[in-house]
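Just so you know, the protein sequences line up as chains Y and E, in that order. Counting from 1, one number per residue, gives the positions in the first sequence under my numbering. Counting from 1001, one number per residue, gives the positions in the second sequence under my numbering. Taking it in order: structure first as structure tokens, then the write-up.
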Amino acid sequence: DTGVSQNPRHKITKRGQNVTFRCDPISEHNRLYWYRQTLGQGPEFLTYFQNEAQLEKSRLLSDRFSAERPKGSFSTLEIQRTEQGDSAMYLCASRGEWGRGGNTIYFGEGSWLTVV
Amino acid sequence: AQTVTQSQPEMSVQEAETVTLSCTYDTSESDYYLFWYKQPPSRQMILVIRQEAYKQQNATENRFSVNFQKAAKSFSLKISDSQLGDAAMYFCAYRRTTGANSKLTFGKGITLSVRP
């Protein structure tokens, strides 16, 4: 396993622009999570996929946020019309089925977003 | 809703000494997992140790051990023989065992510094 991969690692964008982050989970992990983390805080849940189905979305995920996971492999998180309050690290995580390390959720290195 | 509380924002330990990080949680579930994750500065969040609630025996991983008090809903992490590489932010996290989602709920974290 190569681990959870996220890109870009850093993104600086102007307010009002759209940004997209990509996450490649550990191969064969069918469950994928997006979290948001601000400085000095713990990660907050945004959304969850099982295979290609988006099964849960947090109230933190406003209409400007959309996540997809076509074909149940990689996932993208798009933020439209970015605001300064969107500045944070966006973490992707994955886990497998029970008995295949399914007890543990593995995290990527995160994608830092700065909105100026 | 489940909550995780880490009331100590910062702690410091002398190299080679022992330190204990505190965590409490609230849940109405009887079966769940508890985790400690480590997040070094600008680095990936990694799992330190995991505890299944149905197990009475406290989990241990090399220099890391937990004191799990289910009735008190307390889950502390003890780091023995502290090393400079242990300096990081540590997050306590909770996850239900039931339900397809079973997302992690994190505390706010504690910053651990290690004095040489």
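Heads up, the beta-carbon is just placed ideally off N, CA and C, and yes, glycines get one too. The structure presented is a predicted model; accordingly, all values stated were derived computationally and were not measured.
Output yes or no for whether 8 Å exceeds the beta carbon distance between residue i and residue j.
| i | j | result |
| --- | --- | --- |
| Y:ARG36 | Y:GLU52 | no |
| E:GLN1044 | Y:PHE107 | yes |
| E:PHE1068 | E:PHE1075 | yes |
| E:GLY1109 | Y:GLY42 | yes |
| E:TYR1025 | E:GLN1051 | no |
| E:THR1003 | E:LYS1078 | no |
| E:THR1105 | E:MET1089 | no |
| Y:SER75 | Y:PHE49 | yes |
| Y:LEU60 | Y:LEU39 | no |
Which residues in the same chain as residue i place their Cβ atom closer than 7 Å to its Cβ, once the five residues preceding and following it in sequence are excluded?
| i | result |
| --- | --- |
| E:ALA1016 | ASP1081, SER1082 |
| E:THR1097 | ASP1031, TYR1032, TYR1033 |
So, for residue i: in the same chain, excluding its five sequence neighbours on each side, which residues have a beta-carbon less than 6 Å away from its beta-carbon?
| i | result |
| --- | --- |
| Y:ARG100 | At Y:ARG100, the pLDDT of 47 sits below 50, so the modelled position is not reliable; the number obtained from the coordinates is stated separately. Contacts found: none. |
| E:SER1028 | none |
Can you list, in chain order, the residues of its chain whose CB lies under 8 Å from that of residue i, leaving out five sequence neighbours each side?
| i | result |
| --- | --- |
| E:GLN1014 | SER1082, VAL1114, ARG1115 |
Output the boundary residues of the beta strand (DSSP E) element that contains residue i.
| i | result |
| --- | --- |
| E:LYS1038 | 1032-1039 |
| Y:MET89 | 88-95 |
| Y:ARG22 | 19-24 |
| Y:ALA67 | 65-68 |
| Y:SER5 | 5-7 |
| E:SER1102 | No beta strand (DSSP E) holds E:SER1102; DSSP gives it neither H nor E. |
| Y:LEU55 | 53-57 |
| E:ILE1046 | 1046-1052 |
| Y:ILE12 | 10-13 |
| Y:LEU113 | 111-115 |
| E:THR1003 | 1003-1005 |
Which partner residues of residue i appear in the DSSP bridge assignment?
| i | result |
| --- | --- |
| Y:THR46 | The residue you asked about is not Thr; residue 46 of chain Y is Leu in the sequence shown. None; Y:LEU46 has no bridge partner. |
| Y:ASN30 | DSSP, once it has assigned bridges, lists no residue as partnering Y:ASN30. |
| E:LYS1078 | E:THR1020, E:SER1065 |
| E:MET1011 | E:LEU1112 |
| E:TYR1090 | E:LYS1038, E:ILE1110 |
| Y:SER75 | Y:CYS23 |
| E:TYR1084 | Correcting the residue type first, residue 1084 of chain E is Leu in the shown sequence and not Tyr. For E:LEU1084, which the question treats as bridged, DSSP gives no partner whatsoever. |
| Y:THR2 | Paired residues: none, contrary to the question. |
Are there 16 or more other CB atoms within 10 angstroms of the CB of residue i, so buried, or fewer, so exposed?
| i | result |
| --- | --- |
| E:ASP1031 | exposed |
| Y:VAL115 | buried |
| Y:SER62 | exposed |
| Y:HIS10 | exposed |
| E:ALA1059 | buried |
| Y:ARG118 | Past the boundaries of the shown model lies residue 118 of chain Y; chain Y is included only from 1 to 116, so the question cannot be answered. |
| Y:PRO8 | exposed |
| Y:THR104 | exposed |
| Y:ILE12 | exposed |
| Y:GLY110 | buried |
| E:TYR1012 | What sits at residue 1012 of chain E in the sequence shown is Ser, not Tyr. Answer is exposed; the Cβ neighbour count stays below 16. |
| E:ILE1046 | exposed |
| Y:THR82 | buried |
| E:TYR1054 | exposed |
| Y:SER71 | Note that residue 71 of chain Y corresponds to Lys in the displayed sequence, not to Ser. Per the 10 Å Cβ criterion, exposed. |
| Y:SER94 | buried |
Of all the CB atoms in chain B, is at least one closer than 8 Å to the CB of residue i?
| i | result |
| --- | --- |
| E:ARG1050 | Within the model displayed, chain B is absent; protein chains Y and E are what it includes. |
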